[in-house]
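Colleague: Before I ask anything, let me first share the structure, which is written out below as structure tokens.
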Amino acid sequence: MKTEILNDIYNLVLSRHIRDFERGLLLAAKADIEAGQPLGKALSKLEADLRPLALRRNLTPMVNDFYKKITSQSGLFGRGAGAVTPKW
């Protein structure tokens, strides 16, 4: 699963059809994952960073598809990015 996400991010970063600020967010998430940060935590941060853009419908189609993949209930992680739930 980690490899699949890294491949998706890598392919998005190489695309000419995404914006520079999207590329920057994706590269930061990729660096976090490669540095050993738990996948769920890195994707939760990426999802939070992309959320305002998604709500304004300001994501490019490719990044929007990836955003849906990491946030949908039937996506890679179930409900929400990494199915993160607080432990109170």
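What the sequence shown shows, in UniProt numbering, is residues 1 to 88, in sequence order.
Glycine included, C-beta positions come from ideal geometry on N, C-alpha and C.
1) When the Cα atoms are used, what is the spatial distance from Ala42 to Arg56?
2) Does Ser44 come out as helix, strand or coil in the three-state DSSP assignment?
3) May I have the straight-line CA-CA distance separating Ile18 from Thr60, to the nearest angstrom?
4) Just mark Thr3 as buried or exposed, buried being the case when its beta carbon has 16 or more other beta carbons within 10 Å.
5) Rounded to whole angstroms, what's the CA-CA distance from Asp49 to Leu25? Just pull it up for me.
6) Is the beta carbon of Phe66 closer than 7 angstroms to that of Asp8?
7) Could you have a look at Val56 and say whether DSSP puts it in helix, strand or coil?
8) Can Glu34 and Ile70 be called in contact, C-beta distance under 7 angstroms?
Modeller: Looking at the coordinates:
1) 22 angstroms
2) helix
3) 6 angstroms
4) exposed
5) 7 angstroms
6) yes
7) Correcting the residue identity first, residue 56 is Arg in this sequence and not Val. Looking at Arg56 - three-state DSSP - the assignment turns out to be coil, as it is neither helix nor strand.
8) no
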